[in-house]
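Which chain is which? The protein sequence lines are G and X, in order. Here the first sequence is numbered in our numbering, starting from 37 and rising by one per residue. Here the second sequence is numbered in our numbering, starting from 37 and rising by one per residue. Before any comments, here is the structure.
There are 2 protein chains.
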Amino acid sequence: MPPKVKSLEDREKLRASIIDAARTLFVERGIEAVSMREIAKKINYSATTLYHHFADKDALLQAVCDEDFLKLASRMRELMQLPNLIERIQAFGKSYAIFALRHPSHYRLMFMTPRAPCNLDITQIEPGNTEQDAYAQLKLVVKEAFDADLFRPEIKNFELIAQTLWAATHGVCSLEITLGNDPWIQWAEIDERFNLMQRAVLRGLLLNPESID
Amino acid sequence: MPPKVKSLEDREKLRASIIDAARTLFVERGIEAVSMREIAKKINYSATTLYHHFADKDALLQAVCDEDFLKLASRMRELMQLPNLIERIQAFGKSYAIFALRHPSHYRLMFMTPRAPCNLDITQIEPGNTEQDAYAQLKLVVKEAFDADLFRPEIKNFELIAQTLWAATHGVCSLEITLGNDPWIQWAEIDERFNLMQRAVLRGLLLNPESID
DNA sequence: GGTGTTAAATTAACGATGTTAATTTAATTA
DNA sequence: TAATTAAATTAACATCGTTAATTTAACACC
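Below, the structure written as structure tokens:
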């Protein structure tokens, strides 16, 4: 018994519920393990209906990621008001890590899965827009600190600094996600690992490393 | 026209050729995009033959990874003779990164794909054996440097240091693999990113950071 | 109020996948 | 020569992403 002719609002609602169902399942069991049919069944629709809202599974995945990117960006945005620049950078990293470790499957989707080079065509997110793009925000803080000569002078490129800070936190989080439960490694506590990484890399980048001791 | 009754040597040879074909295809096009039938066709066998040598696709994948882990470990092993401890640590990181970036799909298989917690049952590799386990080697160098009091004294746990060094390099490499071609980010040169990370994190960990300037 | 038109959903179907069952082939053993 | 058995094959199954064809029902107009 198919209903008919929906308002634009209803269409939007259905689209959102598809995304939510997809995310829940992706996060629960991994992307490849979830079929379009399952996603559809979860919201009591037939599989083909999904194709009226998304071109294919990849497009649906991209939509899920988009929402998550936005959420991450808005969470990050709250930290931008911290007055002390270095504290702001530290809080930024910590908040990012908490997001990653609380939503490991989201994080895997977003930053650990090589996908078609971030389909700029499909994605809704405008790169560089600090409202939407967490990386753009990181660049902003780092640039401020860079302009205030807080970093070692031989580093000429502030974007390189941002990328290094990002990679450091990403390294800790993604290793934890991939191998955190692996008996092969006797992992130290994740907090210890994160803290040491953050302190070490900052000490190595800052002009006055003792300022964070 | 099926041949028949193989010597144990022949069996081993076929097994190896399956692994090689699988690796080649996995690396070329990614794990999920490659079917058992394709792997089989590449060596002129039917798909079911693979199942006489590997329980399923995952077991075949594990076998591919095992070989790669061994290769990585043996490559690392050559560096262990460098006399200077810090140079050895640096060379270790560099060699690791070169491996990761030259064989991104291998690397993805090995360190970026959450799989059943490193099936200690299935894997051939003995964790801790420095002949087979690159991480065990890293621990060894780091412990030596730790015992020589090269690191900051407030860091009490040498394994934590090893894990931080690993995460730093992994962060740079895995971001490059996932997003290196993404127009969203204006990446600095990968060499720059690697070098800055290595210098920064070492400076942050070492008792005498100026020793690497 | 009936009649098209059209959007939204459905069922049916296609080709490909991982995997299993049943079968064939041929070398070894008795 | 006959029986056994390992190694391979072909056939088949259920499921996947996806497309085509079809049905359902709300609206616009006469």
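Where a beta carbon is used, it is the ideal one built from N, C-alpha and C, also for glycine.
Inter-residue CB distance, residue i and residue j (contact presumed, cutoff 8 Å)
i	j	result
L243(G)	F187(G)	6 Å
V100(X)	L145(X)	7 Å
I226(G)	P140(G)	That pair is no contact at about 11 Å.
A76(G)	S82(G)	6 Å
W223(X)	Q117(G)	With a Cβ gap of about 29 Å, W223(X) and Q117(G) do not count as contacting.
G240(X)	G240(G)	4 Å
S210(X)	S210(G)	6 Å
L28(G)	I67(G)	Lying outside 37 to 249, the shown extent of chain G, residue 28(G) is not represented and no answer is given.
H89(X)	I54(X)	6 Å
Enclosing alpha helix (DSSP H) for residue i [first to last residue]
i	result
Q173(G)	A170 to D183
P140(G)	P140 to Y143
G240(X)	I226 to L241
H206(X)	F194 to L215
L108(G)	K93 to R113
T166(X)	Note, T166(X): premise wrong, no alpha helix (DSSP H); not H, not E.
S53(G)	L44 to R65
E74(G)	M72 to K78
L86(X)	A83 to L86
Rounded separation between residue i and residue j - CA only
i	j	result
D191(X)	I197(X)	Looking at the sequence itself, residue 191(X) is Ile, so the reference to Asp does not match. Computed Cα separation, rounded: 8 Å.
V237(G)	Q160(X)	36 Å
L50(G)	F147(G)	27 Å
E114(X)	I125(X)	13 Å
I248(G)	E180(G)	18 Å
P245(X)	E103(G)	42 Å
A204(G)	G129(X)	14 Å
L201(G)	L137(X)	20 Å
Y171(G)	A133(G)	14 Å
M37(G)	Y87(G)	Only weak support exists for where M37(G) lies, its pLDDT of 44 falling under 50; the value from the coordinates is given anyway. Between M37(G) and Y87(G), the C-alpha separation is close to 19 Å.
S110(G)	E167(G)	7 Å
F62(G)	F182(X)	42 Å
Y143(G)	A58(X)	28 Å
R235(X)	L232(G)	15 Å
A184(X)	D94(X)	43 Å
S71(G)	D169(X)	37 Å
E162(G)	L44(X)	59 Å
K175(X)	H206(X)	16 Å
V177(X)	D218(G)	22 Å
A52(X)	I79(G)	46 Å
F105(G)	Q173(G)	12 Å
W220(G)	D56(X)	25 Å
F135(X)	A69(G)	30 Å
P189(G)	P119(X)	31 Å
L85(G)	T84(X)	The residue you asked about is not Leu; residue 85(G) is Thr in the sequence shown. Rounded to the nearest angstrom, the two C-alpha atoms are 36 Å apart.
T149(X)	D46(G)	38 Å
E64(G)	L215(G)	18 Å
E228(G)	E48(X)	45 Å
E74(X)	A127(G)	49 Å
F230(X)	F230(G)	19 Å
M112(G)	T60(G)	23 Å
Beta-ladder partner(s) of residue i, from DSSP
i	result
F187(G)	L242(G)
>> Counting only Cβ-Cβ distances shorter than 8 Å, please list the residues of the stretch 177-196 of chain X near chain G, keeping chain order.
In response: I191, N193, E195 and L196
> When you check each C-beta in the stretch 208-224 of chain X against every C-beta of chain G, which residues fall closer than 8 Å?
Replying inline: V208, S210, L211, I213, T214, L215, N217, D218, P219, W220, I221, Q222, W223 and A224
>> Tell me which residues of the stretch 222-246 of chain G have at least one Cβ-Cβ distance to chain X shorter than 8 Å, keeping chain order.
In response: Q222, W223, A224, E228, R229, L232, M233, R235, A236, V237, L238, R239, G240, L241 and P245
>> Counting only Cβ-Cβ distances shorter than 7 Å, please list the residues of the stretch 159-174 of chain G near chain X, keeping chain order.
In response: P163 and Y171
> Using a Cβ cut-off of 9 Å, which residues of the stretch 52-81 of chain G contact any Cβ in chain X, in chain order?
Replying inline: G66 and E68
> In chain order, what residues of the stretch 102-130 of chain G put their CB closer than 8 Å to some CB of chain X?
Replying inline: none
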